[in-house]
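Enquirer: Mapping the sequence shown onto the numbering used here, position 249 (from 1) lands on 249, and the numbers just tick up by one.
C-beta: ideal position from N, C-alpha, C; glycine also.
Handing you a structure now.
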Amino acid sequence: MTTVLPADGLMLGIETSCDDTGVAVVRPDGEVVAAAVASQVELHDRYGGVYPEMASRAHVDAILPTVRKVLTDADLRPADLTAIGVTRGPGLIGSLVVGTNSAVGLGDGWGLPVYGVNHLRGHLRSADLDERRVTYPAMVLLVSGGHTLLAHLAGPGEVELVGSTRDDSVGEAYDKVARMLGLGYPGGPAIDRLAKDGAADVPFPRPAMDLELDFSFSGLKSAVSRFLAANPDHPHENVAASFVAACLDVLVAKCRRALERRPSRCLVVVGGVAASPQVREAAGALCEEAGVSLCLPPLRWSTDNGAMIGLAAWDYLARGLDARPRPDTSLTIADW
Ligand code: KG4
Ligand code: ZN
1 MTTVLPADGL
11 MLGIETSCDD
21 TGVAVVRPDG
31 EVVAAAVASQ
41 VELHDRYGGV
51 YPEMASRAHV
61 DAILPTVRKV
71 LTDADLRPAD
81 LTAIGVTRGP
91 GLIGSLVVGT
101 NSAVGLGDGW
111 GLPVYGVNHL
121 RGHLRSADLD
131 ERRVTYPAMV
141 LLVSGGHTLL
151 AHLAGPGEVE
161 LVGSTRDDSV
171 GEAYDKVARM
181 LGLGYPGGPA
191 IDRLAKDGAA
201 DVPFPRPAMD
211 LELDFSFSGL
221 KSAVSRFLAA
231 NPDHPHENVA
241 ASFVAACLDV
251 LVAKCRRALE
261 RRPSRCLVVV
271 GGVAASPQVR
281 EAAGALCEEA
291 GVSLCLPPLR
301 WSTDNGAMIG
311 LAAWDYLARG
321 LDARPRPDTS
331 LTIADW
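Here it is as structure tokens:
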């Protein structure tokens, strides 16, 4: 059973799966009425990665002020909201517990239903924020810190996983290589900036080319580490550019293969690494070659945010799903 959504409905989306406290108010058509992200980058920078216990505590401090800020910015009262959507997984368990408990508390207090949303479905929906972009059937490349996968969408919400990484995600590889190069956290944007001025002169491996649609990035990460140990004076911008070139070759080859295997009208590229200008450009060139359109979320909706969770929550409401927000770190992209 699907419910017709109220065009003027307002969903409060809350995202706390990792190190950003994201909150937004979103209409069913993807219009973002207001949004804010309380970033923990400075907190984790000194550890070179996310420190889970500190992330949970920072969410506790940030969540209610961020909700209050978004409602104030949009000049809304809780009674104006239709429902609340909150990330229930996958992610760091402590961070998920803070988000889901807070959302349940707010829902009980304000008399609103609360939907537990799969973070990965949130990323999928990020490509339809601000305006509708995705046409079906679609092929999705999700490249984030926690995941690297390909999924086919036969229609809205009809997700089939067709490939995923066997070890590290591409975002994880970016973060670890950034650390080896002495760059800060998060590594993705820092690698992008450095690689821009470098020459891809190191022939790093293109791992897992023989696997049909699956990925593997741990070998590439180790190859960078070995190269740096043996060639400490090699220009770091060239190492970064060579690493990015290897990642792009693998991502593009797998997307090309996926588009050949499954009928798709567009390629959707989402997740934090979709904020990379090099990834955006390479995806654009592939789409031109393959004759499909490219659907990218605006930059601000590529990394974790509350708006994508809010938009995904409308799908739960429309389907009448009973999604009490129980945290679950093991959700796959096909789960609700
Ligand atoms: O989707 P996301 O915000 O969080 C997860 O769900 O994991 O993705 C975070 C990942 C990190 O690995 C980060 O280094 C990477 O996305 N990232 C980028 C860029 N911005 C964030 N990677 C490449 N270029 C960027 N501009
Ligand atoms: Zn994410």
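Whole angstroms are fine: how far does the CA of valine 97 sit from the CA of serine 242?
Expert: Spanning the two alpha carbons is a distance of roughly 39 Å.
Enquirer: For cysteine 295, write down the residues that DSSP places opposite it in a beta bridge.
Expert: Answer is Val268, bridged to cysteine 295.
Enquirer: Please name the residue, chosen from Tyr47, Val67, Asp73, that lies closest to glycine 105 on a Cα-to-Cα basis.
Expert: Comparing Cα-Cα distances from glycine 105 to each of Tyr47, Val67, Asp73, the minimum goes to Val67.
Enquirer: How should aspartate 45 be labelled, buried or exposed, when 16 other C-beta atoms within 10 angstroms of its C-beta is the threshold for buried?
Expert: Looking at its Cβ environment, which holds fewer than 16 other Cβ atoms inside 10 Å, aspartate 45 is exposed.
Enquirer: Of all the options Asn305, Ala307, Gly272, Leu259, which has the alpha carbon lying nearest to the alpha carbon of alanine 290?
Expert: Looking at the Cα atoms, Leu259 is the closest of the given residues.
Enquirer: To the nearest angstrom, report how far apart tyrosine 47 and alanine 38 are at their CA atoms.
Expert: The alpha-carbon atoms of tyrosine 47 and alanine 38 are separated by roughly 19 Å.
Enquirer: When you compare each of Pro263, Gly30, Gly109, Ser95 to tyrosine 51 by their alpha carbons, which one comes out closest?
Expert: Among Pro263, Gly30, Gly109, Ser95, the Cα nearest to that of tyrosine 51 is on Ser95.
Enquirer: On the premise that cysteine 295 lies in contact with cysteine 255, defined as a C-beta separation below 8 Å, what is that separation, rounded to the nearest angstrom?
Expert: Contact flag wrong, Cβ pair sits at about 13 Å.
Enquirer: Evaluate the contact criterion for the stretch 116-125 versus the stretch 78-88: three or more CB pairs, one atom per stretch, below 8 Å.
Expert: The stretch 116-125 vs the stretch 78-88: in contact.
Enquirer: Starting from tyrosine 368, trace the beta strand (DSSP E) in both directions and tell me its first and last residue.
Expert: Nothing about residue 368 can be read from this structure; the chain reaches only from 1 to 336.
Enquirer: Going by the C-beta, is histidine 59 closer than 8 Å to any heavy atom of the ligand ZN?
Expert: Flag unset: Cβ of histidine 59 not near the ligand ZN.
Enquirer: Among Leu141, Val70, Arg319, Ala190, which has the Cα closest to the Cα of tyrosine 174?
Expert: That would be Ala190, whose Cα lies nearest to the Cα of tyrosine 174.
Enquirer: Excluding five sequence neighbours on each side, which residues of the same chain lie with their C-beta closer than 6 Å to the C-beta of serine 293?
Expert: Cys266, listed in sequence order.
Enquirer: Look at the Cβ atom of alanine 195, then the Cβ atom of alanine 240, and state whether they are nearer than 9 Å.
Expert: Yes.
Enquirer: Give the single residue among Pro137, Ala55, Val273 whose Cα lies nearest to the Cα of glutamate 338.
Expert: Residue coverage of the chain in this structure runs from 1 to 336, which leaves residue 338 outside it and unanswerable.
Enquirer: Tell me which residues share the same chain as valine 252 and place their Cβ nearer than 6 Å to its Cβ, disregarding the 5 neighbours each side in the sequence.
Expert: The residues are Ala282, Leu286.
Enquirer: Buried or exposed for proline 65, going by 16 or more other Cβ atoms inside 10 Å?
Expert: Exposed, since its Cβ has fewer than 16 Cβ neighbours within 10 Å.
Enquirer: Output needed for aspartate 75: all residues of its chain with C-beta closer than 8 Å, excluding positions within five of it in sequence on either side, in chain order.
Expert: So the list is empty, once near-sequence residues are dropped.
Enquirer: By the 10 Å Cβ neighbour count, where 16 or more other Cβ atoms means buried, how is proline 186 classified, buried or exposed?
Expert: Buried, since its Cβ has 16 or more Cβ neighbours within 10 Å.
Enquirer: Proline 277: beta carbon under 8 Å from a heavy atom of the ligand KG4?
Expert: Proline 277 Cβ: within cutoff of the ligand KG4.
Enquirer: Could you give the DSSP three-state label for methionine 11: helix, strand or coil?
Expert: In the structure shown, methionine 11 sits in a strand (DSSP, three-state: E or B).
Enquirer: Residues in the same chain with beta-carbon distance under 6 Å from glycine 163, minus the five sequence neighbours each way, listed in chain order, please.
Expert: For glycine 163, where only same-chain residues beyond five positions count, the Cβ hits under 6 Å are Leu150, Leu213, Asp214.
Enquirer: Suppose you measure from the CA of alanine 245 to the CA of alanine 200; what does that come to, to the nearest Å?
Expert: Those two C-alpha atoms are separated by around 7 Å.
Enquirer: Would you say the stretch 296-313 touches the stretch 8-27, given that touching needs at least three Cβ pairs under 8 Å?
Expert: Touching, per the Cβ criterion.
Enquirer: What runs of the alpha helix (DSSP H), each 4 residues or longer, lie entirely inside the stretch 191-225?
Expert: Counting whole runs of 4 or more residues, the stretch 191-225 contains no alpha helix (DSSP H) stretch at all.
Enquirer: Per the DSSP calculation, aspartate 20 is bridged to which residue(s)?
Expert: Answer is Ser39.
Enquirer: Residues bridged to valine 50 by DSSP?
Expert: None; valine 50 has no bridge partner.
Enquirer: Alpha carbon to alpha carbon, how far is arginine 193 from glycine 320?
Expert: Rounded to the nearest angstrom, the two C-alpha atoms are 44 Å apart.
Enquirer: I'd like to confirm something about glycine 284: is its beta-carbon nearer than 8 Å to some heavy atom of the ligand ZN, or not?
Expert: Glycine 284: no, Cβ never under 8 Å from the ligand ZN.
Enquirer: State the Cα-Cα distance for the pair leucine 129 and asparagine 231, rounded to the nearest angstrom.
Expert: When rounded, the distance between both Cα atoms is 44 Å.
Enquirer: Give the DSSP-derived three-state secondary structure of valine 134 in the structure shown.
Expert: If DSSP states are grouped into helix, strand and coil, valine 134 belongs with coil.
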